[in-house]
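Asker: Reading the sequence shown from the start, the letters are residues 37 to 513 in this note's numbering.
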Amino acid sequence: MGGNNQTFIGVFPGISFEFTQGPDHTIRGAGVIAALIINNGTIRAEPGTNGAILRINRPQTNNGLIGAGAGATLRFDSNVSDTTQSASGVIFAADGGRVELGVQTITGGTLQTTGSGVIAVDGNTPTLIDLTIAAGSAVNVSGGRNLRLAGSTITNNGTITLNSNSVSSLSQLQLNSNLALEGTGEIVLNGMGTQAVWIGFPDLGRVLTNGADHTIRGNGLLEGKIINNGRIEGDSDTEKMDIYGRLSGSDALKNVDIGFSFQFGRGTYAPGESTAVVSLEGSFTLSSSASTLEIEIGGLTAGTEFDQLTSAGTVNLGGTLDVIALDRGSYVPIAGDRFEVINSTNAISGTFFDTSFPDILDARSVAWLPVDYTTDPNKVFLEIATVDFLSADFDEDFDVDGDDLAQWEGDYGLNGNSDADGDGDSDGADFLTWQRQFGLGVPSLASSQTVPEPSAIVLLFSTFCCLGWEGRLAPCD
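Below, the structure is given as structure tokens:
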């Protein structure tokens with residue numbers, strides 16, 4: 037192909053046809069491809085006498101190679117230049133070559149660069165779906181431009197860089213589906229000045245899973261729901277990775293700030309996908325009174341029964357500590373049980389702005405001491421102050437079941453032996469408490485059985501319910 041916009045493969049307007057290139061055939065040079073293509077061979081941009089740009093502006097099915105050689109540019113310059121690739125399909129930029137993505141969707145196959153070759157996003161937003169980025173490959177998103185990822189899995193063994201040209205401009209990696217980032221590569225957020233570079237979701241209900249060998253790093257922010265099974269790290273203590281969504285997962289964090297903004301929302305960190313010991317490097321900061329650290333507790337063993345953060349750097353506390361009961365039916369809490377939820381090689385700075393503790397833990401009523409920051413300045417401890425029976429555990433056998441209902445029926449209106457609300461008698465309000473607590477301490481009941489049928493006295497109480505007894509009960513079925 038000769039190298040100007042008059043050198044093309046295409047059709048007259050209004051005529052549609054598709055041509056197939058065989059596996060041993062090559063189309064190369066500069067010009068325009070303006071026809072539907074099934075490519076089983078090689079399409080390669082090469083410098084010509086009148087230019088070095090090969091443009092494609094129609095859809096392709098690629099089972100072979102489409103790319104740019106040294107000194108040339110392959111440009112997808114139309115929103116109808118979508119590419120569907122088989123497992124053997126590759127879009128490539130050779131050493132010194134350049135591929136420019138347009139408003140298009142690339143589904144499947146591989147993106148590959150070698151040497152100084154690059155796949156670039158300099159214009160409107162392309163979408164990559166269920167494809168692989170080869171090892172050592174570079175996908176560069178210029179400042180002020182966006183890239184979308186979709187499908188179920190992107191296997192990234194290369195590097196995706198946001199704001200690759202280091203300008204003070206907004207850039208976003210948009211995630212349009214629940215997505216797993218697998219592979220050994222990395223996504224680099226190159227934030228500059230006050231302009232945000234971020235990974236985010238048009239639909240905040242989506243979930244991103246950062247795979248075990250994958251890294252997200254740089255100076256930027258993450259929003260939405262993210263499960264980190266790989267690495268998330270900021271560049272430094274002053275150029276951190278800001279978290280403005282819900283971050284969970286059990287792998288390493290470095291130089292992160294769990295924050296808040298009116299634009300992106302509140303940051304929450306919940307270690308593990310259940311309980312976990314998570315390693316922290318560099319700095320870990322809860323910078324806003326609206327940010328939250330969630331700690332699950334269901335036993336005395338760190339990692340398997342309660343969450344623990346271990347820091348080799350600095351920990352700066354603020355925000356809210358939200359302690360969540362994890363009822364596995366095997367833990368018997370007692371007063372004095374202590375949980376080392378944070379430990380650090382350096383003194384911990386600050387305290388939580390607010391705390392929230394569960395009042396029921398493994399079918400026991402529990403109260404908590406204030407957070408202990410002082411016993412060891414490098415550690416944060418939580419401690420149970422008192423343990424008692426649940427208020428509706430009338431027979432005091434550490435569960436709430438049908439036996440407690442039977443006792444309440446016998447005590448109803450006669451004495452205070454089934455007094456769940458502490459008002460000195462056994463009445464309908466105590467029955468409502470029993471209903472709410474039914475099954476606690478009895479996993480099979482809690483998970484698989486319904487509330488037992490009440491006897492005549494309960495039915496009488498239900499009549500009061502239907503009449504709006506005390507004006508605060510739910511209507512009967």
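Here a beta-carbon is modelled for each residue, glycine too, at the ideal position from N, C-alpha and C.
For the beta strand (DSSP E) containing E432, list its first residue and its last residue.
Answerer: Here E432 belongs to no beta strand (DSSP E), and DSSP marks it neither H nor E.
Asker: Find out if the Cβ-Cβ distance for the pair R91, V68 is shorter than 8 Å.
Answerer: Contact flag set, yes.
Asker: From the DSSP secondary-structure annotation, give me the bridge partner or partners of Q34.
Answerer: In the structure as shown, the chain begins at 37 and stops at 513. Residue 34 is therefore absent and cannot be evaluated.
Asker: Run through the segment 276–351 for me and flag every whole beta strand (DSSP E) of 3 or more residues, listed as ranges in chain order.
Answerer: 277–285, 289–294, 304–307, 313–322, 328–333 and 344–347, all fully within the segment 276–351.
Asker: If you draw a straight line from the C-alpha of Q210 to the C-alpha of A338, how long is it?
Answerer: Near 36 Å, if we compare the C-alpha coordinates of A338 and Q210.
Asker: First and last residue of the alpha helix (DSSP H) that includes Q473?
Answerer: That run of the alpha helix (DSSP H) goes G464 to Q473.
Asker: What is the rounded straight-line gap between the Cα of G365 and the Cα of A186?
Answerer: Roughly 40 Å between the two C-alpha positions.
Asker: Identify, in the order they occur along the chain, each residue of the same chain with its Cβ nearer than 7 Å to the Cβ of D118, setting aside the five sequence neighbours on each side.
Answerer: Hits under 7 Å: P95, Q140 and T141.
Asker: So is N379 buried or exposed if we call it buried at 16+ other beta carbons inside 10 Å?
Answerer: Counting Cβ neighbours within 10 Å, N379 comes out buried, since at least 16 surround it.
Asker: Below 8 Å CB to CB, which residues in the same chain sit around S483 once its five sequence neighbours on both sides are set aside?
Answerer: Any answer about S483 is weak, because its pLDDT of 45 lies below 50 and its placement is not dependable; what the coordinates show is given next. If we look at S483 and ignore the five residues flanking it on each side, its Cβ neighbours are G475.
Asker: From the DSSP output, which residues share a beta bridge with D408?
Answerer: In the DSSP output, where bridge partners are listed per residue, D408 has F417.
Asker: Using a 10 Å radius around the Cβ and a threshold of 16 neighbouring Cβ atoms, would you call N98 buried or exposed?
Answerer: Its Cβ being crowded by 16 or more others within 10 Å, N98 is buried.
Asker: Okay, do the segment 411–424 and the segment 451–463 touch, 3+ Cβ pairs below 8 Å being the bar?
Answerer: Because the criterion of three Cβ pairs below 8 Å is not met, the segment 411–424 and the segment 451–463 do not touch.
Asker: Would you kindly work out how many angstroms separate the C-alpha atoms of T321 and G260, rounded to a whole number?
Answerer: Answer to the nearest angstrom: the Cα atoms are 19 Å apart.
Asker: Residues bridged to S401 by DSSP?
Answerer: Answer by DSSP bridge pairing, in chain order: I396 and D424.
Asker: Give the DSSP-derived three-state secondary structure of G87 in the structure shown.
Answerer: Strand, per DSSP.
Asker: Note down the Cα distance separating T499 from D463, rounded to an integer number of angstroms.
Answerer: Low confidence applies to T499: its pLDDT is 49, below 50, so where it sits in the model is not reliable enough to give any reading.
Asker: With DSSP as the reference, identify every bridge partner of D358, one or two as the case may be.
Answerer: Answer by DSSP bridge pairing, in chain order: E330 and S392.
Asker: Span of the beta strand (DSSP E) holding I79?
Answerer: Looking at the DSSP string, the run of the beta strand (DSSP E) that includes I79 is T78 to A81.
Asker: Whose C-alpha, out of I127, S286 and V177, is nearest the C-alpha of S310?
Answerer: Closest by alpha carbon: S286.
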